[in-house]
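Numbering (full-length UniProt numbering), first residue to last: 1 to 292. Virtual Cβ for every residue (Gly too), placed ideally from N, Cα, C.
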Amino acid sequence: MALQATALVTSKWLAQAVKVQGKMRVLDTSWYLPKLRRNAKTEFKKKHVPGAAFFDIDQCCDKTSPLDHMLPSEDYFAEYVGKLGIENDTHVVVYDGSEFGAFSAPRVWWMFRVFGHSAVSMLNGGLRNWELEGRPVSDRYVRPTATEFKASLNRSWIKTYEDILDNLETKKFQVVDARPTGRFKGLDPEPRDNTEPGHIPGSISIPFHAFLSPSGHFLPKEQLQALFARAGVDLDCPLCVLCGSAVTACHVALAAHECGHPGVSVYDGGWSEWYTRAVPEHVISDGRGKHL
1 MALQATALVT
11 SKWLAQAVKV
21 QGKMRVLDTS
31 WYLPKLRRNA
41 KTEFKKKHVP
51 GAAFFDIDQC
61 CDKTSPLDHM
71 LPSEDYFAEY
81 VGKLGIENDT
91 HVVVYDGSEF
101 GAFSAPRVWW
111 MFRVFGHSAV
121 SMLNGGLRNW
131 ELEGRPVSDR
141 YVRPTATEFK
151 ASLNRSWIKT
161 YEDILDNLET
171 KKFQVVDARP
181 TGRFKGLDPE
191 PRDNTEPGHI
201 PGSISIPFHA
211 FLSPSGHFLP
221 KEQLQALFAR
231 AGVDLDCPLC
241 VLCGSAVTAC
251 HVALAAHECG
261 HPGVSVYDGG
271 WSEWYTRAVP
281 EHVISDGRGK
291 HL
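See the structure below:
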């Protein structure tokens with residue numbers, strides 16, 4: 001099963017796969033912006049896909065960084081997922097409980113891939129549609145038996161502040177920003193303190209929710225391709241994605257993967273880091289950005 005892992009799986013597929021009890025681990029990867037006042041771990045304890053474990057992106061991260069949930073080291077990631085009962089031949093299926101159908105799950109999907117684990121899928125439509133289809137949820141949790149996982153970080157899929165800064169001149173790769181349009185244009189506030197809206201010069205705006213249908217499912221391949229084309233993104237050329245803190249940026253990475261472009265890089269520091277470090281002329285705002 002793991003060798004045939006696709007990026008997206010349906011609720012029907014997962015419901016059948018859970019019954020088979022093969023070498024698969026389902027992960028609730030829910031995470032919410034603080035302003036929503038939702039506690040993902042508490043919600044998990046009340047209801048989750050039967051047999052799921054909880055993956056906390058605020059715990060599986062670089063604790064030494066002042067930025068939110070930056071990628072951890074290879075060793076830390078390996079230890080963390082090993083404690084979730086995941087081995088290198090385990091098929092991992094991730095989902096979250098967002099009303100969007102997908103919010104944080106694409107980030108964890110990408111995390112597994114960047115650490116060398118391609119046998120990972122995302123439940124298309126998330127817990128929202130799992131429940132709408134009348135599928136069971138549970139409050140029962142059995143702690144997985146810890147095992148060994150080996151991680152190998154693909155550094156070419158990660159961009160740093162210096163990479164983005166250099167790209168302003170070299171233009172070696174396209175940059176897509178997945179934040180909502182109002183934040184990109186500098187018209188709506190950022191959700192984090194001490195950060196104003198705006199965007200990196202030359203970056204392209206495709207809000208993460210544009211990749212999702214009203215039902216919360218990822219759009220079909222043809223519609224995703226058309227969305228990229230309308231935005232002026234060439235999927236035959238290198239692509240880097242970002243958002244506020246590299247969570248919803250991974251919607252772009254997953255969508256590009258569905259369109260046959262798997263090697264998308266992520267600016268892990270995101271707008272949170274760029275706004276803090278960039279000089280005024282490198283923060284573009286149509287509204288009331290601090291640097292204007």
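Those residues which DSSP pairs with residue i across a bridge
i	result
Ala231	Beta-bridge pairing links Ala231 to no other residue.
Met111	Answer is none; Met111 lacks a bridge partner.
Tyr76	Note: Tyr76 sits in no beta bridge, so no partner.
Leu8	Met122
residue 295	Not covered by the structure: residue 295. The range shown for the chain is 1 to 292.
Gly199	The amino acid at residue 199 is misidentified as Gly; the sequence shows His. Looking at the DSSP assignment, His199 forms a beta bridge with Ile284.
Ser104	Looking at the DSSP assignment, Ser104 forms no beta bridge with any residue, so it has no partner.
Cys237	For Cys237, which the question treats as bridged, DSSP gives no partner whatsoever.
His48	Ser138
Val266	Ile158 and Val241
Residue j beta carbon less than 8 Å from that of residue i
i	j	result
Leu123	Leu14	yes
Phe149	Val81	yes
Ser285	Gly198	yes
residue 334	Ile164	Absent from the structure is residue 334, since the part of the chain shown begins at 1 and ends at 292.
Cys240	Ser265	yes
Phe100	His209	yes
His69	Asp58	yes
Ala278	Ser121	no
Lys35	Thr90	no
Gly125	Ser11	yes
Ser118	Ala5	yes
Gly244	Ser213	no
His282	Leu187	no
Ala146	Glu74	no
Gly269	Leu67	yes
Val247	Arg107	yes
Asp56	Lys46	no
Phe44	Cys60	no
Three-way DSSP call (helix, strand, coil) for residue i in this model
i	result
His69	coil
Phe211	helix
Gly289	For Gly289, the predicted structure reports a pLDDT of 44, less than 50, and the residue's modelled location is therefore unreliable. A value from the coordinates is still provided. Three-state result, Gly289: coil.
Leu27	strand
Ala53	strand
residue 294	The requested residue 294 does not occur in the structure, where the chain is confined to residues 1 to 292.
Cys250	helix
Arg36	In the sequence on display, residue 36 carries Leu and not Arg. Three-state result, Leu36: helix.
His261	coil
Ser205	strand
Leu3	Because Leu3 sits at a pLDDT of 44, beneath the cut-off of 50, its placement in the model cannot be relied upon, and the point is left open.
Val20	helix
Ser272	helix
Thr90	coil
Leu242	strand
Val81	helix
Ala278	coil
Residue-chain proximity (residue i, chain C), Cβ-Cβ < 8 Å
i	result
Glu222	The chain labelled as chain C is not found in the depicted structure, where only one protein chain is given.
Are the segment 25-37 and the segment 222-242 touching by the rule of at least three beta carbon pairs closer than 8 Å? no
3 or more residues per run - each beta strand (DSSP E) lying fully within the segment 118-177: 120-123 and 174-177
Does the segment 158-175 come close enough to the segment 117-135 that 3 or more CB-CB pairs lie under 8 Å? no
Mind the definition here: the segment 112-122 touches the segment 135-143 only if three or more C-beta pairs lie below 8 Å; say whether that holds. no
Stretch-stretch touch, CB-based, cutoff 8 Å, three pairs: the segment 52-70 with the segment 94-109: yes
Pairing CB atoms from the segment 174-190 with CB atoms from the segment 241-261, are three or more of them under 8 Å? yes
Count Cβ pairs between the segment 252-269 and the segment 219-226 that sit closer than 8 Å; are there 3 or more? yes
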